[in-house]
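Start counting the sequence shown at 1; every next residue gets the next number (full-length UniProt numbering).
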Amino acid sequence: MSPTTVAVRAGFRRGAIELRNTFTNAQDLWGYLFPTLILVVTIFFMRGSTVPGTDFSLGARTLPSALGMGLAFGGLIALAQQLVVEREDGTLLRAKATPNGMLGYLVGKLTLMSTTALASMLIQLVPSLFLVDGLRLTSAGAWLTLLWVAVLGLVATLPLGAVIGSLIESARNLGLVMLPMMGLIALSGIFYPINGYPGWLQAVAQVFPIYWLGLGMRSALLPDALAAVELGGSWRHLETLGVLGSWAVLGLVLAPVVLRRMARRESGSRVAARRERAMRQVF
């Protein structure tokens with residue numbers, strides 16, 4: 001058996017262990033349930049509003065958009081947070097010290113983050129179904145679209161999250177990523193159609209994967225008549241596939257290079273220096 005195969009198998013085992021620890025930890029479980037509570041409350045207060053030009057509930061439109069946002073957030077931010085924290089506490093340095101350890105570490109993290117992202121999506125979807133009507137859930141095509149959009153969205157965002165986590169030196173700098181992320185969410189039509197935005201804002205929103213994840217989820221769960229309120233008057237599946245696929249290729253090309261560069265720079269002295277800086281800031 002080749003060393004690479006051994007590392008990949010070790011990575012899957014590592015991911016399974018971390019999943020078991022996550023799903024048996026009350027704090028982690030609350031982290032998955034809290035966004036569901038926020039989403040349910042949001043949909044509840046939007047239940048009386050309608051999508052402009054239709055009598056369709058704005059809350060029902062928000063649900064699939066929020067599911068796409070959750071996948072993007074889990075891929076881009078959650079993995080970055082894990083990498084930054086475990087770089088500070090020396091976990092990455094220990095992984096680097098074993099043969100093909102970084103490969104196994106990355107496979108484990110991708111297993112953990114992709115599974116938890118999909119589980120979070122289901123946790124948010126199930127209770128929301130009792131609050132909104134008109135979702136297209138009896139069609140096999142709807143579930144197939146939901147599946148390929150979710151999988152492609154994770155492939156597009158998880159490598160980018162690894163790149164972001166590799167470039168950030170300290171967990172205290174994650175706010176530099178969160179602020180632009182919140183801005184992109186506001187621009188991406190998650191809570192309201194972007195048709196009324198200026199053309200240049202629409203163009204900016206369509207560059208990034210958040211908009212296309214939201215659009216893909218809406219195409220899976222909403223009636224076909226709602227495509228009329230989207231840009232271009234259609235669900236634009238080919239464009240969704242093209243943009244998310246392009247981000248996936250970019251991330252898969254960049255992530256190994258950036259991760260290897262980050263791993264080469266890690267040393268015991270750098271970990272100790274980070275701990276010393278953190279202690280000074282605490283005291």
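From the three backbone atoms N, C-alpha and C, an ideal C-beta is built for every residue, glycine too. Here the structure is a predicted model, which is why all the values come from computation and not from measurement.
Which residues DSSP lists as bridging residue i, in chain order
i, result
"Ser-57", "Thr-50"
Nearest-angstrom Cβ-Cβ length linking residue i and residue j, presumed shorter than 8 Å
i, j, result
"residue 284", "Phe-34", "There is simply no residue 284 to check, as the chain begins at 1 and stops at 283 in what is shown."
"Gly-53", "Val-229", "6 Å"
"Leu-146", "Leu-221", "7 Å"
"Ala-248", "Leu-152", "7 Å"
"Ala-77", "Val-149", "Note on residue identity: the sequence assigns Ile, not Ala, to residue 77. About 19 Å separates the two Cβ atoms, so there is no contact after all."
"Val-243", "Pro-209", "7 Å"
"Thr-251", "Ala-156", "According to the sequence provided, residue 251 is Gly. The question's Thr does not apply to it. Indeed they touch by this definition, with Cβ atoms about 7 Å apart."
"Gly-175", "Gly-68", "Incorrect: roughly 23 Å between the Cβ atoms, too far for contact."
"Val-200", "Thr-240", "For clarity, residue 200 is Trp in the given sequence; the question names Val instead. Their Cβ separation, rounded to whole angstroms, is 21 Å, which puts Trp-200 and Thr-240 out of contact at 8 Å."
"Val-85", "Ile-168", "At roughly 10 Å, the Cβ-Cβ gap does not stay under 8 Å, so Val-85 and Ile-168 are not in contact."
Own chain, CB closer than 7 Å to residue i, minus 5 neighbours either side, in chain order
i, result
"Leu-79", "Lys-109, Met-113, Leu-158, Gly-161, Ala-162, Gly-165"
"Pro-127", "Thr-36, Val-40"
"Pro-198", "none"
"Leu-154", "Leu-71, Gly-75, Ser-114, Ala-117"
"Leu-58", "Met-46, Ser-49, Thr-50, Val-51"
"Ser-234", "Ala-227"
Close beta carbons around residue i, own chain, < 6 Å, minus the five adjacent residues each side
i, result
"Thr-42", "none"
"Ala-255", "Pro-159, Ala-162, Val-163"
"Val-8", "Val-107"
"Leu-11", "The sequence given here places Gly at residue 11; Leu does not occur at that position. Closer than 6 Å at the Cβ level, and outside the excluded window around Gly-11, lie Gly-104, Val-107, Gly-108."
Cβ shell of residue i (< 8 Å), same chain only, five flanking positions each side left out
i, result
"Thr-4", "Asn-100, Leu-103"
"Ala-16", "Thr-111"
Touch test, the segment 57-76 against the segment 130-143, Cβ-Cβ under 8 Å, three pairs minimum: The segment 57-76 makes contact with the segment 130-143; the number of CB pairs closer than 8 Å reaches 3 or more.
Three or more C-beta pairs below 8 Å linking the segment 21-29 and the segment 183-195: At 8 Å Cβ cutoff, the stretches do not touch.
To test your reading of the DSSP string, which unbroken alpha helix (DSSP H) runs of 4 or more residues are found completely within the segment 164-193? Here the runs fully enclosed are 175-187.
Could you name each continuous beta strand (DSSP E) segment of 3 residues or more that falls completely within the segment 95-146, going from the start of the chain to the end? The segment 95-146 contains no whole beta strand (DSSP E) run of 3 or more residues.
Would you check if there are 3 or more beta carbon pairs closer than 8 Å linking the segment 176-188 to the segment 200-220? Here the segment 176-188 makes contact with the segment 200-220; the two share three or more CB pairs at distances below 8 Å.
List, from N- to C-terminal side, the alpha helix (DSSP H) runs of 4 residues or more that fit wholly inside the segment 3-90. 3-23, 26-45, 58-73, 79-88, all fully within the segment 3-90.
Which ranges would you report for the alpha helix (DSSP H) in the segment 212-269 if only whole runs of at least 4 residues count? Within the segment 212-269, the complete alpha helix (DSSP H) runs of at least 4 residues are 237-265.
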